[in-house]
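Novice:
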Amino acid sequence: MRRRNTGTMKLLNAMHRLDLHLLTRIFSQGERRTVRPLARALSRSGDGYLQVLVPMLLWLLSAPYAEDFATALAVALAAERTLYWTLKNSLRRPRPQVAVPGFRSLITASDQFSFPSGHTSAAFLLATMLTLFYGGPFAVVFAWACGVAMSRVLLGVHFPGDTLAGAIMGAGSALLTAQFLGLA
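Here this note's numbering = 1-based position in the sequence shown + 508.
(1) Alpha carbons only, please: which of L683, T628, D576, A586 is nearest the one belonging to Y564?
(2) On the three-state DSSP scale, how would you describe F641?
(3) Quick one: using the 10 Å Cβ neighbour count with 16 as the cut-off for buried, is K518 buried or exposed?
(4) For the pair the region 623-642 and the region 670-681, tell me if three or more CB-CB distances fall below 8 Å.
(5) Could you pull out every residue in the same chain whose Cβ sits closer than 7 Å to the Cβ of G655, ignoring the five residues on either side in sequence?
(6) Which same chain residues end up closer than 8 Å to P604 when comparing Cβ atoms and leaving out the 5 residues on each side of it in sequence?
(7) Could you tell me if G678 is buried or exposed, where buried requires 16 or more neighbouring beta carbons within 10 angstroms of its beta carbon?
(8) What is the rounded straight-line gap between the Cα of H524 and the Cα of P602?
(9) Can you tell me the Cα-Cα spacing of L633 and R548, whole angstroms?
(10) By how many angstroms is the C-alpha of L558 removed from the C-alpha of A675?
(11) State yes or no: is the C-beta of G554 within less than 7 Å of the C-beta of A631?
(12) According to DSSP, simplified to helix, strand and coil, what is M509?
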């Protein structure tokens, strides 16, 4: 039993060192004046407003499947937000500014804990759901979702692993919901 715990700890320590290394490299780019405004704008775009505005816009434009899209998105978001809140408040990973001595983020996060990234999770959920319903042209929304994820690291409020977990969680929530509802 002891040997397995030691191996697990070594793996977790190695993952943390990689996460810290990547944070340092990516964050240094966010300190550049030309990058900062774009990172802030991308981060704000992930605040959750689009998860309400997109279904409304689809409905106003009489897009095909708009009602089914809104229902699937609402179900997926309810599941994803529940999982997000549970993980964030049970794992309680400190944000970089708390976990890394001398580190100062460029913005103040809305909550205390870092893992997983809720902005990233919600962005990938929306991108995945749009692609499932409306196909290839909407796959470009994944570029936005990646931008949201990168902005959270550039601004220093998440480790890269937090955003990777958020991306997997958001896309996975959309895919599982679509399958559960018989849409995929």
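For every residue, glycine included, the Cβ atom is placed at its ideal position computed from N, Cα and C.
Specialist: If we stick to the structure as given:
(1) As a position in the sequence shown, residue 564 is number 56, starting the count at 1. The amino acid at residue 564 is misidentified as Tyr; the sequence shows Met. Comparing Cα-Cα distances from M564 to each of L683, T628, D576, A586, the minimum goes to D576.
(2) In the sequence shown, counting from the first residue as 1, residue 641 sits at position 133. Of the three classes helix, strand and coil, the one that applies to F641 here is helix, per DSSP.
(3) By 1-based counting over the sequence shown, the position of residue 518 is 10. Exposed.
(4) yes
(5) Counting from one through the sequence shown, the residue named residue 655 turns up at place 147. Shown here for G655: same chain residues with a beta carbon closer than 7 Å to its own, the five before and five after excluded, namely L550 in chain order.
(6) The sequence position of residue 604 within the sequence shown is 96, counting from 1. Same-chain partners within the cutoff: L531, F535, F611, S613, S622, G664, V665, H666, F667.
(7) For this step, residue 678 is matched to residue 170 along the sequence shown. Buried, because 16 or more other Cβ atoms sit within 10 Å of the Cβ of G678.
(8) Your numbering for residue 524 matches position 16 in the sequence shown. Your numbering for residue 602 matches position 94 in the sequence shown. So the two alpha carbons sit approximately 12 Å from each other.
(9) Start at 1 with the first residue of the sequence shown, and residue 633 comes out as number 125. Start at 1 with the first residue of the sequence shown, and residue 548 comes out as number 40. Those two C-alpha atoms are separated by around 20 Å.
(10) Sequence index remark: in the sequence shown, residue 675 carries index 167 (1-based). Sequence index remark: in the sequence shown, residue 558 carries index 50 (1-based). For A675 and L558, the distance between alpha carbons rounds to 16 Å.
(11) The residue given as residue 554 occupies position 46 in the sequence shown. The residue given as residue 631 occupies position 123 in the sequence shown. Cβ distance < 7 Å, so G554 and A631 count as in contact.
(12) The residue labelled residue 509 in the question sits at position 1 within the sequence shown. Caution is warranted here: a pLDDT of 47 is assigned to M509, below 50, making its placement in the model unreliable, and the coordinate value is therefore given only provisionally. Three-state DSSP puts M509 in coil, outside helix and strand.
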